[in-house]
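So the sequence shown is numbered by UniProt numbering: it starts at 1 and just counts up by one.
Backbone N, C-alpha and C fix where the C-beta goes; we use that ideal spot for every residue, glycine too.
What follows is a single structure, written as structure tokens, with notes after it.
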Amino acid sequence: MRIKIIGTGSAVPENIVTNQMLSEIMDTSDEWITTRTGIRQRRIAVTETTSGLASQAARKALEDSGCSPEEIDLIIVATFSPDRCMPNTACTVQAALGCKNAVAFDLNAACSGFLFALNTAQAYMAAGIYRTALLVGAEEISKTVDWKDRSTCVLFGDGAGAAVVQAREGTPMAFVQYSDGTKGEVLTCSEKALKNPWAEPAEDPRMLCMDGQEVFKFAVRKVPECIHEVARQAGISVSQIDWFLLHQANSRIIDSVAKHLGVSRERFPMNLDRYGNTSAASIPLLLDEVRREGRIREGDLVVLSGFGAGLTWGAALLEW
Ligand code: UT7
1 MRIKIIGTGS
11 AVPENIVTNQ
21 MLSEIMDTSD
31 EWITTRTGIR
41 QRRIAVTETT
51 SGLASQAARK
61 ALEDSGCSPE
71 EIDLIIVATF
81 SPDRCMPNTA
91 CTVQAALGCK
101 NAVAFDLNAA
111 CSGFLFALNT
121 AQAYMAAGIY
131 RTALLVGAEE
141 ISKTVDWKDR
151 STCVLFGDGA
161 GAAVVQAREG
171 TPMAFVQYSD
181 GTKGEVLTCS
191 EKALKNPWAE
201 PAEDPRMLCM
211 DGQEVFKFAV
221 RKVPECIHEV
231 ARQAGISVSQ
241 IDWFLLHQAN
251 SRIIDSVAKH
261 LGVSRERFPM
271 NLDRYGNTSA
281 ASIPLLLDEV
291 RREGRIREGD
301 LVVLSGFGAG
311 LTWGAALLEW
């Protein structure tokens, strides 16, 4: 049993924040952000919510798939920035779309979240448990960054992407996924401090913190490794893969991965110039864009690869 993506959708906040706008409120410049990251603008929520963006993207993916809400039997929302701890975002999406037959839960693997959701759906389908899944990556990172920390806040954006996947007869897709909690401190985002009548009063901890250079080195080493691994699993060479859809964190990471793999940069679509790093939303946001532009054709081999906090990373190879 393998899975096929049969519909995609995306949703972003209306508010566009350019590098120039950031340089007016903090000590940064369009030149620094563009040359170091490739990012030119990002969407930052003003009225939108994580669950609202997730539901919008999911609704578009469902319409695109031609499935009825009742046909969805699994909903997974990948996010580290939900509106509420509970109910989970996936249940909110379920209610908004009327997917009354679905089981719905969230998954947090930071920027690898959508990829891990895809692999989870694949495993359920291979086991014959579910047949049609709605997978969403949705983030409002703007509420988790410290807007006084120029080394992180300029990098991220808000948004959501979604895909409907369905079980099909055939060989399973190739995928790998990894975690290394011992390196967790290089990218963290704290919740509130412990507060109860017995604990010492403490200040709320800092929000998103990143050792950018460590994450950079980790990404350029691990992404090529796991792409080679899925190619090996599938018995093909990397040069046979048509499209490489990578987590959109930094155009220099994408350049380096393309160079390591010896693959033309044109096969690495990119939209981080317009959306920044949207964590779990970045891969499905890109997937929706390239699909609607008609760039991916039936039968194309597509690799998705994510990396991020945890540390977590992985890749999945799909036939379109
Ligand atoms: O999705 C999760 C995965 N995350 C990532 O993949 C992020 C990976 N890392 C990166 O993309 C890069 O490391 C960054 C874009 C975060 C940083 O680029 P860098 O080339 O590693 O820069 P740096 O951290 O070494 O900083 C260089 C300089 C520093 O100044 P000094 O010490 O050389 O005087 C920083 O203070 O740039 C300064 N700087 C800035 N200057 C203007 C840092 N942030 C900014 C800024 N504007 N926004």
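query: What are the boundary residues of the beta strand (DSSP E) that Tyr178 is part of?
result: On the sequence shown, residue 178 is found 178 positions in, with the first residue counted as 1. It spans 174 to 179 - the beta strand (DSSP E) in which Tyr178 sits, taken as one unbroken run.
query: DSSP beta-bridge partners for Ser10?
result: Position 10 of the sequence shown, counting from 1, holds the residue named residue 10. Paired residues: Gly161.
- prompt: Are Ile253 and Ser305 touching if we call contact CB-CB under 8 Å?
  reply: Here residue 253 refers to the residue found at position 253 of the sequence shown. Here residue 305 refers to the residue found at position 305 of the sequence shown. Not a contact, by the Cβ cut-off of 8 Å.
message: Between which residues of its own chain and Met207 is the CB-CB distance below 8 Å, once the five residues before and five after are set aside?
response: Your numbering for residue 207 matches position 207 in the sequence shown. Cβ within range, chain order: Thr144, Val145, Asp146, Cys189, Ser190.
message: For the ligand UT7, is there any heavy atom lying closer than 7 Å to the beta carbon of residue 380?
response: Shown here, the chain extends from 1 to 320; a query on residue 380 therefore has no answer.
task: Please name the residue or residues paired with Arg43 in a DSSP beta bridge.
output: In the sequence shown, the residue the question calls residue 43 occupies position 43. Paired residues: Ile16.
field: Gln177 beta carbon near the ligand UT7 (any heavy atom closer than 7 Å)
entry: On the sequence shown, residue 177 is found 177 positions in, with the first residue counted as 1. Not under cutoff, so the answer is no.
message: Could you tell me which whole alpha helix (DSSP H) segments of length 4 or greater appear in the region 177 to 248?
response: 212 to 234
query: Shortest alpha-carbon distance to Gln240 belongs to which of Arg131, Val302, Gly314?
result: Locating residue 240 in the sequence shown gives position 240, where the first residue counts as 1. Nearest option by C-alpha distance: Val302.
- prompt: Measuring from the CB of Ala219, is there a heavy atom of the ligand UT7 at a distance below 7 Å?
  reply: As a first step, residue 219 must be located in the sequence shown, where it is residue number 219. Ala219 Cβ: within cutoff of the ligand UT7.
query: With C-beta atoms as the reference, is Asp64 less than 8 Å away from Thr132?
result: Position 64 of the sequence shown, counted from the start, is the residue given in the question as residue 64. Position 132 of the sequence shown, counted from the start, is the residue given in the question as residue 132. Not closer than 8 Å, so no.
- prompt: How is the alpha helix (DSSP H) around Val145 delimited, first residue to last?
  reply: Reading the sequence shown from its first residue, position 145 is the one you call residue 145. Note, Val145: premise wrong, no alpha helix (DSSP H); not H, not E.
query: Within the 8 Å Cβ cut-off, does Ser179 reach chain D?
result: Going by chain labels, chain D is absent from the structure shown, which holds only one protein chain.
- prompt: So the beta strand (DSSP E) Ser305 belongs to, where does it begin and stop?
  reply: Locating residue 305 in the sequence shown gives position 305, counting from the first residue. Where Ser305 is concerned, the enclosing beta strand (DSSP E) stretches over 301 to 308.
task: For Ser264, count neighbouring Cβ atoms within 10 angstroms of its own Cβ and tell me buried if that reaches 16, exposed if not.
output: Indexing the sequence shown from 1 puts residue 264 at position 264. So Ser264 ends up on the exposed side.
message: Extract the residue ranges of the beta strand (DSSP E) inside the region 82 to 109, only unbroken runs of 3 or more that lie entirely within it.
response: 103 to 107
field: Span separating the alpha-carbon of residue 323 from that of Leu118
entry: Shown here, the chain extends from 1 to 320; a query on residue 323 therefore has no answer.
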